[in-house]
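Here the protein sequences line up with chains A and B, keeping their order. Be aware that the first sequence starts at 1, since it is given in our numbering, and climbs by one per residue. Be aware that the second sequence starts at 98, since it is given in our numbering, and climbs by one per residue. All residues carry an ideal CB built from backbone N, CA and C; glycine is no exception. As structure tokens, the structure follows; a few thoughts come after it.
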Amino acid sequence: MDNKDALYFKKLAKQLMFELNDQEANEMVQEFEEFNHLLTHLASIDTTGVKEMIYPFEEPVTYLREDELIHVITQQEALSNVSNSQQGHFVVPKVVK
Amino acid sequence: MNIIEMLKDGNDQKHVVDAYELALKVQPSINAVVTFIDPCKQLEEVKEGKLKGIPVALKDNVNTKGIKTTASSKILENYIPVYDATIVKKLKDAGAVIIAKTSMDELAMGGTNLSAATGPVYNPYDVTRISGGSSGGSAAVVASGVVPLAIGSDTGDSIRKPASFCGVVGVKPTYGRISRYGIIPYASSLDHVGYFTRNVKDAALALEVLAGYDPMDATSSQREVPEYSKLINSDITGKKVIVFKNVLNHMNNEETLALFQRVIDGLKTKGAIVKEVTFNEELMKAILPTYHVIANCEATANHSNLDGIRFGNKQEGSDTFEIMCNTRSQGLSSSIRKRFVIGSYALFEENQEKYLKQAQRVRRMIVEEISSYLKDADVLIAPASNAAAPKIADVLAKHVEEDLVAENHMVFANFSGYPSMTLPMGYIHQHLPVGVNITANAFKEVDMFSIGSVIEEITGLKDAYKEVK
């Protein structure tokens, strides 16, 4: 893994929809190095011909079921954790001004 | 009292009210609870079932309809679910009464319980020490005698390590055995729902209630649920036990090693065939980095919905982007945001092959390495940790060094999905508990419980708990 500077992590954080302050970004550089060190060992393992393990059990699972309603919430419930809603909609600042 | 004793006694009202009052009483000492749930109304509606009148606690990542569920994160401090997790329904249908939501590491991402928005959970055996995490609050309320059953979740060893530190039984069953519907996720390919009790028989009974197919969880197993508590067999003559030798090689605590040897000698005396196996050391050292990559990648994706728009502790902003950014910056702690950055980096298209896919391949190699021996045996066994719970001050000052293998080997059961359980092995430094960990083959929980029940006889630590002054 390449070395990255604090500015790189600040930009990456922004893409993830949050900020890292100066102190956090500098800590991130240090922690990334530690992580990098751990990954050196991971990278050294020869995995030629090995298939990725995505889930513990890769046996077939049937996702299909009868098309019956088994769980419904009301509109009021769906909006109950929204800080600002009007007429059944989430309210956010105008996008087109 | 344990679950079986409470059921026999039948005084629901007293057990529940006593538990609730004790939870309130010990809270200033152990800080294990996020939300107390007044049980009076539930007591009026207790159903007949295998857990009738049993007071239970839930980790605060279990959605409870109408009851705040924070996952110990500031970003969810005002979140009130509109539905119950499947296990909540199962517990209530079995007659259980929920008295508390317990503290955890923020979003279950940690092993100390120091990152909870409500502050650290203190170990009942020594309140200057950590409870372990991420299910620390649940471990502590069982260890202090508040409830005989508490729900946790386990992505890396988040039930089994705190069980060791707090001297209780901690069970992570087979992947798919207990529904995860309604549990706030961490890393979906590793997440398991499990629980804490104070003895193995209670643990077996609890699984009978919690396990079972759930159409709301696509990873839920359709296999029948056995009556585990009736199938426990303490005759272990001829049972094959593998000792995880790499773990012992990495341990230096003589007291822990001596306690483990006592367990092994006891198992041999009871007729078990015990064999030490040293697995590929390079693969065992890769357990932690493999876990870090997979867990951080999955967590980054899973928690992208925490934006404050539909739920959560929304912060103001001039546009949607700014609202989300402010909400996530202020609602997620520094360590969580940094983990997301690492996970996101490894998820970049240009990095996936090198990091995530490499980790997923190594995961398979680790599982196949251990499984190649375990498939011909009944259980794999090792101390759950080298040392007792560290001091909070030492953890905060980063004075605690963790051995790569000795302190992370239990993650194997998350990679493989195999059932795994920690139970008390004894005490070191005169009063601090350490546990022994047992892992069985997939869906062979009965083997795990049977060996566990014999270990309980060997240690004499059935129903152990610590009274908190």
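**OP:** Report yes or no: do the segment 114-130 of chain B and the segment 160-175 of chain B share at least 3 C-beta pairs separated by less than 8 Å?
**Re:** no
Subject >> Nearest residue (CA-CA) to residue 196 of chain B, options B:268, B:120 and B:241 >> reply: B:120
Subject >> is_contact[residue 38 of chain A, chain E] using C-beta, thresh 7 Å >> reply: Protein chains in the displayed structure are A and B, and chain E is not among them.
Original post:
Within 10 angstroms of its Cβ, does residue 137 of chain B collect 16 or more other Cβ (buried), or is it exposed?
Top reply: exposed
Subject >> Simplified DSSP assignment, three categories, for residue 85 of chain A >> reply: In the three-state DSSP reduction, residue 85 of chain A falls in the strand class (E or B).
Original post:
Can you list the residues of chain B that residue 24 of chain A reaches, using a CB-CB cut of under 8 Å?
Top reply: 431, 434 and 435
**OP:** With 7 Å as the threshold, decide whether the Cβ of residue 108 of chain A is near any Cβ in chain B.
**Re:** With chain A running from 1 to 97 in the structure shown, residue 108 of chain A is simply not present.
**OP:** Take residue 391 of chain B as the anchor and find which of B:258, B:376, B:242 and B:436 has the nearest alpha-carbon.
**Re:** B:436
Original post:
Do the segment 67-82 of chain A and the segment 393-401 of chain B make contact, defined as three or more Cβ pairs closer than 8 Å?
Top reply: no
**OP:** Can you give me, in chain order, the residues of the segment 274-308 of chain B that have a beta carbon less than 7 Å from any beta carbon in chain A?
**Re:** Taking 7 Å as the cut-off between beta carbons, the residues of the segment 274-308 of chain B near chain A are 286, in sequence order.
**OP:** To the nearest angstrom, report how far apart residue 1 of chain A and residue 456 of chain B are at their CA atoms.
**Re:** Low confidence applies here, because residue 1 of chain A scores a pLDDT of 49, under 50, leaving its location unreliable; read the following figure in that light. So the two alpha carbons sit approximately 14 Å from each other.
Original post:
Under the three-state reduction of DSSP, which class applies to residue 568 of chain B: helix, strand or coil?
Top reply: Any property of residue 568 of chain B remains undetermined from this structure, which presents chain B solely from 98 to 566.
**OP:** In angstroms with no decimal places, state the Cα-to-Cα distance between residue 530 of chain B and residue 224 of chain B.
**Re:** 13 Å
Subject >> Paired residues, beta bridge with residue 291 of chain B - DSSP >> reply: BP columns for residue 291 of chain B point to B:249.
Original post:
Roughly how many angstroms lie between the CA atoms of residue 146 of chain B and residue 303 of chain B, to the nearest whole one?
Top reply: 11 Å
Subject >> Spatial neighbours of residue 8 of chain A in its chain, beta-carbon cut-off 7 Å, leaving aside the 5 residues before and after >> reply: Here the set comprises nothing.
**OP:** Examine the Cβ distances between the segment 304-312 of chain B and the segment 268-277 of chain B and report whether three or more of them are shorter than 8 Å.
**Re:** Taking 8 Å as the limit for Cβ pairs, the verdict is that the segment 268-277 of chain B does touch the segment 304-312 of chain B.
Original post:
Are the C-beta of residue 462 of chain B and some C-beta of chain A separated by less than 7 Å?
Top reply: For residue 462 of chain B, the nearest beta carbon of chain A is closer than 7 Å to its own beta carbon.
Original post:
Using a Cβ-Cβ distance under 7 Å, would residue 421 of chain B count as near chain A?
Top reply: yes
Original post:
At a CB-CB cut-off below 8 Å, which residues of chain B make contact with residue 41 of chain A?
Top reply: 379, 382, 383 and 386
**OP:** Alpha carbon to alpha carbon, how far is residue 102 of chain B from residue 476 of chain B? Give it in angstroms, no decimals.
**Re:** 29 Å
Original post:
Whose CA, out of B:549, B:149 and B:255, lies closest to the CA of residue 296 of chain B?
Top reply: B:549
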